[in-house]
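Undergrad:
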Amino acid sequence: MTAAAPAPTRATRVLVLNSGSSSLKYQLLDMTDDSRLAAGLVERIGERQSRLTHSPLASDGDRRERVAPFPDHEAALKAVAAELDADGLGLDSPALAAIGHRVVHGGQRFTRPTLIDDTVLAEIERLVPLAPLHNPANLAGITTARALNPGLPQVAVFDTAFHTTMPEHAARYAIDAATADAHRVRRYGFHGTSHAYVSRKTAELLGEDPAGVNVIVLHLGNGASASAVAAGRCVETSMGVTPLEGLVMGTRSGDIDPAVVFHLVRVAGMSVDEVDELLNKRSGLRGLCGDNDMREISRRSEEGDEAARLAFDVYVHRLKKYIGSYYAVLGRVDAVAFTAGVGENSAPVRAAAIAGLETLGLSVDPVRNEASGRADSPAGGAARLISPADARVAVAVVPTDEELEIAQQTYAVISRTSA
Ligand code: ADP
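Counted from 1, the sequence shown has number 233 at position 241 by the working numbering; the numbering is strictly sequential.
#1: The beta strand (DSSP E) spanning H155 covers which residue range?
#2: At a cut of 8 Å, does the stretch 90 to 104 reach the stretch 53 to 64 through at least three beta carbon pairs?
#3: For L7, does the three-state DSSP call read helix, strand or coil?
#4: Fully enclosed by the stretch 56 to 96, which beta strand (DSSP E) runs are 3 residues long or longer?
#5: Using three-state DSSP, classify H161 as helix, strand or coil.
#6: Can you look up Y180 in the DSSP assignment and give me helix, strand or coil?
#7: Within 7 Å: the Cβ of V334 and any heavy atom of the ligand ADP?
#8: Going by CA-CA distance only, name the one from G242, L256, F254 that's closest to G282.
#9: Would you mind working out which of R176, A332, G184, A139 sits nearest A153, comparing C-alpha positions?
#10: Measure the alpha-carbon distance for T4 versus A383 and round it to whole angstroms.
#11: Please report the Cβ distance between P105 and Q401, rounded to the nearest whole angstrom; I am assuming they are in contact, meaning their Cβ atoms lie under 8 Å.
#12: Would you check if the distance between the CB atom of A30 and the CB atom of S47 is smaller than 8 Å?
#13: Let me check you understand the geometry: is the CB of G213 closer than 7 Å to at least one non-hydrogen atom of the ligand MG?
#14: Cα separation between L122 and P128?
#15: On the criterion of 16 or more Cβ atoms from any shown chain inside 10 Å, does T234 qualify as buried, or is it exposed?
#16: Contact between the stretch 102 to 119 and the stretch 158 to 169 is defined here as three or more beta-carbon pairs at a separation below 8 Å; is this criterion met?
#17: So does the stretch 9 to 19 actually touch the stretch 129 to 137, counting three or more Cβ pairs closer than 8 Å?
#18: With three or more beta-carbon pairs closer than 8 Å as the criterion, would you say the stretch 221 to 241 touches the stretch 169 to 189?
#19: Can you give me the Cβ contacts of V8 inside the same chain, cut-off strictly under 6 Å, excluding the 5 residues immediately before and after it?
#20: Taking N206 as part of the beta strand (DSSP E), name the residues at either end of that continuous run.
#21: Cutting at 7 Å between CB atoms, please list the residues of its own chain near L125, excluding the five before and the five after it.
#22: Rounding to the nearest angstrom, what Cα-Cα distance links A67 and P142 in this structure?
#23: Compute the distance between the beta-carbons of I134 and I208, then report whether it is under 8 Å.
#24: If you draw a straight line from the alpha carbon of L83 to that of P145, how long is it in whole angstroms?
#25: Just verifying my parser: in three-state terms, what is the DSSP assignment at H309?
#26: Short check: CB of A345 to CB of K312, under 8 Å?
#27: Flag D382 as yes when its Cβ comes closer than 7 Å to any non-hydrogen atom of the ligand ADP, and as no otherwise.
#28: To the nearest angstrom, how far is the alpha carbon of I167 from that of V267?
#29: Leaving out the 5 sequence neighbours to the left and right, which residues in its chain are closer than 6 Å to R55 when beta-carbon positions are compared?
#30: Express the C-alpha separation of A89 and Q100 in angstroms, rounding to a whole number.
#31: At a cut-off of 7 Å, is S338 close to the ligand ADP when judged by its beta-carbon and the heavy atoms of the ligand?
#32: Span of the alpha helix (DSSP H) holding S290?
#33: Check each candidate in G353, R278, N337 and name the one with the smallest Cα separation from R324.
#34: Using CA coordinates, which residue listed in R408, A222, A169 is at the minimum distance from T194?
#35: Mapping DSSP to helix, strand and coil, what is T351?
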C-alpha cells in the first residue's frame, strides 16, 4: 500500500527572504519543480541611495533596477512586493503558500524550522544579544512581511539549527560552567542550512543514504566554516558563539588566542569595539594581504606577490588542520565536500588543502579538479567528484543552494501543519 498523498493545494510557491543589516535578498520558488520565478536584492537600506535589483525569471522580462532611498526594511520589502506584483507574483497571490525567513541565531531553543507566531517572535527577540547585527534585521523582515499579508504562513529557518545535534562535549567551551550558562556562551555554529543541504547532496552524489555516510563539509565563502556530519547529523562545526571562530575568512581572523584581545586592550590601548572591528573586518585574507577575494589573491600570488602568497598559505594551512581534526572526530570519512564561492570555484585552494593527505585516503585528480574550477566547465553547477576513480575517500565539489533548502524546509513545515 502506498502512503497517502499530501493534501492537494494550489499554493505551491514559497518566497524566501534573507534580511541582512542593510540588505534584503529574495527568491520566489515554485515547489512543484523547484524552479525560480523571481529573484532580487535590495542593497544599502537606510542610506540615501538604496538600490533594488529585480530579475523576473519566470518571464523573459529584463532585469529591473530602482534607485531610491529605502529608510528601513519595511520600505524595502514594500518595494519588493510591488515588483513581484508587477509580474503577477504579489504577496497576496493565492499561489503563494508561505514566506521562509532565514534567521541567523536560533540558540538552543530552535532545533528545526518553525512556523512563526507571537511566541516564536518573542523568542527570536530574546536571542538578539547573541546576534546583535543579524537577528534584528531578520525580525524586521518577519514583522514587515506579516503586516503586508497577515494571513500568510511565515516560517523561520535557523542558521544554527543543523548544529544543535552536536554533542555537549563539542558544544561546550572549557570555561567556568556557571558563567557560560548564565550568558549562553557555547558553540552554536552557523551556515547550518548550507551544511545540511551539502551533506545530503554529497550522499546523493555517492548514491548513498545520508544515514550511511560521514562527510566533512567545507563551506568557503566570504564567511567560512567546516562541519563534521556523521550519518546525516552534525557532530562538530568550526564557528562558535559567533561566526568569528574557526577557519580563516575573507575579513575575519577565525581561531586566535583569546589573550590577543587582552593584549590589544591593555598594551595597544584599543577599545573592545576596536578589537571587535579588527577581528571581524580587518583580519582574515584582507588583514594578511589587503584583498579578501580569492580570485585576486590567486592572481597576485601567481605574479609572485609575497603577501598574497602568505595569505593563501595561512588560509589553506588552517583548512588542512580542520580536515585532519574532523577526520579524527569522525573516525571514518566517506567524503570531503567543498562548497560556496571559494570552495566551488578555486581549484588551487582545493588542491592545496588536500595535498599530502594521501595516507588518509584523500587525493584530488588534477584534471577533474581544474575542469570543475572553470565557470565554463561542462559540469556547470552540478555536484561532481574531483577525487580519482579508485579513491578510498571521495572529494567533491557540491554547489550549495541555501534558498532552495530554506524553501523546501518552509514548504515541509506548512505541508505538515496543513495536512
Ligand atoms: P558569501 O559568503 O558572501 O555568500 P560566496 O559564497 O558568494 O560568499 O563567496 C564569495 C567569495 O567567493 C568571493 O569573495 C571570492 O573570494 C570567492 N570566489 C568567487 N568566485 C571565485 C573564483 N572564480 N575563484 C576563486 N574564488 C572565487
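In this text, a Cβ means the ideal position worked out from N, Cα and C, and glycines have one as well.
TA: According to the structure shown:
#1: Counted from its first residue, the sequence shown places residue 155 at position 163. Segment: none, H155 is in no beta strand (DSSP E) and carries neither H nor E.
#2: Two segments are said to touch when three or more pairs of C-beta atoms, one from each, lie closer than 8 Å; by this definition the stretch 90 to 104 does not touch the stretch 53 to 64.
#3: Your numbering for residue 7 matches position 15 in the sequence shown. Three-state DSSP puts L7 in a strand.
#4: Segments of the beta strand (DSSP E) lying fully in the stretch 56 to 96: 56 to 60, 88 to 95.
#5: For the purposes of this step, residue 161 is taken as the residue at position 169 of the sequence shown. The answer is helix: DSSP assigns H161 an H, G or I state.
#6: Here residue 180 is taken as the residue at index 188 of the sequence shown, counted from 1. Coil at Y180, not helix or strand.
#7: Residue numbering aside, residue 334 sits at position 342 when the sequence shown is read from its first letter. In this structure, V334 has its CB closer than 7 Å to one or more heavy atoms of the ligand ADP.
#8: Within the sequence shown, numbered from 1, the residue matching residue 282 stands at position 290. Looking at the Cα atoms, G242 is the closest of the given residues.
#9: Numbered from 1 along the sequence shown, position 161 holds the residue referred to as residue 153. Its Cα nearest to that of A153, the residue G184 stands out among R176, A332, G184, A139.
#10: Reading the sequence shown from its first residue, position 12 is the one you call residue 4. Reading the sequence shown from its first residue, position 391 is the one you call residue 383. Going by the C-alpha atoms only, they are around 42 Å apart.
#11: Within the sequence shown, the letter at position 113 stands for residue 105. Within the sequence shown, the letter at position 409 stands for residue 401. The pair is a contact, with the Cβ atoms about 4 Å apart (cut-off 8 Å).
#12: As a first step, residue 30 is located in the sequence shown; it is residue number 38 there, counting from the start. As a first step, residue 47 is located in the sequence shown; it is residue number 55 there, counting from the start. Taking 8 Å as the Cβ cut-off, A30 and S47 qualify as a contacting pair.
#13: Judged by which ligands are present, the ligand MG is missing from the structure shown, whose ligands are the ligand ADP.
#14: Your numbering for residue 122 matches position 130 in the sequence shown. Your numbering for residue 128 matches position 136 in the sequence shown. Computed Cα separation, rounded: 11 Å.
#15: Locating residue 234 in the sequence shown gives position 242, counting from the first residue. Residue environment for T234: buried (at least 16 other C-beta atoms within 10 angstroms of its C-beta).
#16: In short, these stretches do not touch, since the Cβ pair count stays below three.
#17: Output reads yes: the stretch 129 to 137 touches the stretch 9 to 19.
#18: The stretch 221 to 241 is in contact with the stretch 169 to 189.
#19: The residue you call residue 8 lines up with position 16 of the sequence shown. Listed in chain order, the non-local C-beta contacts of V8 below 6 Å within the same chain comprise Q19, G92, E395, I398, A399, local neighbours out to five positions each way being set aside.
#20: Mapped onto the sequence shown, residue 206 falls at position 214. Where N206 is concerned, the enclosing beta strand (DSSP E) stretches over 206 to 212.
#21: Sequence index remark: in the sequence shown, residue 125 carries index 133 (1-based). Answer for L125: S13, listed in chain order.
#22: Here residue 67 refers to the residue found at position 75 of the sequence shown. Here residue 142 refers to the residue found at position 150 of the sequence shown. A67 and P142 have their C-alpha atoms spaced approximately 17 Å apart.
#23: Locating residue 134 in the sequence shown gives position 142, counting from the first residue. Locating residue 208 in the sequence shown gives position 216, counting from the first residue. The answer is no: Cβ separation not under 8 Å.
#24: One-based indexing of the sequence shown puts residue 83 at position 91. One-based indexing of the sequence shown puts residue 145 at position 153. Put simply, the backbone Cα of L83 is about 11 Å away from that of P145.
#25: Counted from its first residue, the sequence shown places residue 309 at position 317. In the structure shown, H309 falls within a helical segment according to DSSP collapsed to helix, strand and coil.
#26: Counting from one through the sequence shown, the residue named residue 345 turns up at place 353. Counting from one through the sequence shown, the residue named residue 312 turns up at place 320. Going by beta carbons, A345 and K312 fall inside the 8 Å limit.
#27: Start at 1 with the first residue of the sequence shown, and residue 382 comes out as number 390. No, the ligand ADP has no heavy atom inside 7 Å of this Cβ.
#28: By 1-based counting over the sequence shown, the position of residue 167 is 175. By 1-based counting over the sequence shown, the position of residue 267 is 275. Distance from the CA of I167 to the CA of V267, rounded to the nearest whole angstrom, comes to 21 Å.
#29: Counting from one through the sequence shown, the residue named residue 55 turns up at place 63. Residues of the same chain with a CB within less than 6 Å of the CB of R55, apart from the 5 flanking positions on each side, are S47 in chain order.
#30: The count along the sequence shown starts at 1 and reaches residue 100 at position 108. The count along the sequence shown starts at 1 and reaches residue 89 at position 97. Whole-angstrom Cα-Cα distance: 28 Å.
#31: In the sequence shown, residue 338 corresponds to position 346, counting from 1. Checking every heavy atom of the ligand ADP against the Cβ of S338, one is found closer than 7 Å.
#32: Counting from one through the sequence shown, the residue named residue 290 turns up at place 298. Under the DSSP assignment, S290 falls in the alpha helix (DSSP H) whose first and last residues are 286 to 294.
#33: As a first step, residue 324 is located in the sequence shown; it is residue number 332 there, counting from the start. Among G353, R278, N337, the Cα nearest to that of R324 belongs to G353.
#34: Taking the sequence shown and counting its residues from 1, the one referred to as residue 194 is at position 202. For T194, the nearest C-alpha among the options comes from A222.
#35: The sequence position of residue 351 within the sequence shown is 359, counting from 1. If DSSP states are grouped into helix, strand and coil, T351 belongs with the helices.
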